[in-house]
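Q:
Number of protein chains: 2
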Amino acid sequence: MLLVRREIGDVLRELRQGKGHTLRQVAGRASVALGYLSEIERGQKEASSEILYAVAEALDVPISQIMREVSDRLAAVEQIQIPDTVPAEFMVGFDADIQPLRR
Amino acid sequence: MLLVRREIGDVLRELRQGKGHTLRQVAGRASVALGYLSEIERGQKEASSEILYAVAEALDVPISQIMREVSDRLAAVEQIQIPDTVPAEFMVGFDADIQPLRR
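Just so you know, the protein sequences line up as chains A and B, in that order. For the first sequence, my numbering begins at 5 and goes up steadily by one. For the second sequence, my numbering begins at 5 and goes up steadily by one.
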């Protein structure tokens, strides 16, 4: 089963590490318990919308960007290409089963 | 505060209505209590990843597509244009504060 919380956890952890922050720093800024944030990052706990908002703020990343990255990863797992700006009629002749690039 | 569950609720309700399904039908297919699904659609309850998965299946919509729509709506509220395929260097001269289209 494709669990959104796992992708959210991966994205939050990678964003945090990419910015060189520790769990303790982000948990402190977001006023979230360190153990709870750790469980969220490992996909073991659901983040409430309020906590997601606070962690996004603490990471200084728009929440839309986090969810966009989550949707991209879900799409990769679902092996679906979600069209961005290319209308369907331009896609005729393309193989709908093309595998998305894995990161 | 920008709450992801509100956007998720709106997206799930619009998808359901767009397909002409009742709350009862989708709740039944997803094995979710009708009242709980109703609260999720109204943004009053967080949907667990398992419930989100079940509702997406019941709606026959990829979960990535639901989260993509959610991220697009969050971006509209945050007034951020998230680049899809246009590299940053091509965006020189564009106003970063351009308002996204509201749907």
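A virtual CB, placed ideally from N, CA and C, is assigned to each residue, including glycine. As the structure is a computational prediction, the values presented were derived from the model and not from experiment.
With DSSP as the reference, label GLN48(B) as helix, strand or coil.
A: Translated into positions along the second sequence, residue 48(B) becomes position 44. Coil at GLN48(B), not helix or strand.
Q: Three or more C-beta pairs under 8 Å: does that hold for the stretch 67-81 of chain A against the stretch 71-78 of chain B?
A: They touch, by the three-pair rule.
Q: Going by DSSP in three states, GLY13(A) sits in which element: helix, strand or coil?
A: Position 9 of the first sequence holds residue 13(A). Correct three-state label for GLY13(A): helix.
Q: Near ALA58(B), which residues of its chain fall below 7 Å by C-beta distance, leaving aside the five closest residues on each side in sequence?
A: Your numbering for residue 58(B) matches position 54 in the second sequence. These residues qualify, in order along the chain: ALA34, SER35, VAL36.
Q: Who are the neighbours of TYR57(A) on chain B, taking C-beta pairs under 9 Å?
A: Start at 1 with the first residue of the first sequence, and residue 57(A) comes out as number 53. Near TYR57(A) (Cβ distances below 9 Å), the residues of chain B are MET5, LEU6, LEU7, VAL8.
Q: Alpha carbon to alpha carbon, how far is GLN83(B) from SER52(B)? Give it in angstroms, no decimals.
A: Within the second sequence, the letter at position 48 stands for residue 52(B). Within the second sequence, the letter at position 79 stands for residue 83(B). Roughly 27 Å between the two C-alpha positions.
Q: Per DSSP, what kind of secondary structure is MET71(A) in: helix, strand or coil?
A: The residue given as residue 71(A) occupies position 67 in the first sequence. DSSP places MET71(A) in helix when its eight states are reduced to three.
Q: For GLY13(A), count neighbouring Cβ atoms within 10 angstroms of its own Cβ and tell me buried if that reaches 16, exposed if not.
A: Counting from 1 along the first sequence, the entry for residue 13(A) is found at position 9. Result: buried.
Q: Which word fits GLU18(B), buried or exposed, when buried means at least 16 other C-beta atoms lie within 10 angstroms of its C-beta?
A: Here the question's residue 18(B) lines up with position 14 in the second sequence. GLU18(B) comes out exposed.
Q: Tell me whether ARG9(A) is buried or exposed, calling it buried when 16 or more other Cβ atoms sit within 10 Å of its Cβ.
A: For the purposes of this step, residue 9(A) is taken as the residue at position 5 of the first sequence. ARG9(A) is buried by the Cβ-count criterion.
Q: Using only CA atoms, which one of ALA80(A), GLN29(A), LEU38(A), ILE44(A) lies nearest to ASP64(A)?
A: Stepping through the first sequence from its first residue, residue 64(A) is reached at position 60. Answer by Cα proximity: GLN29(A).
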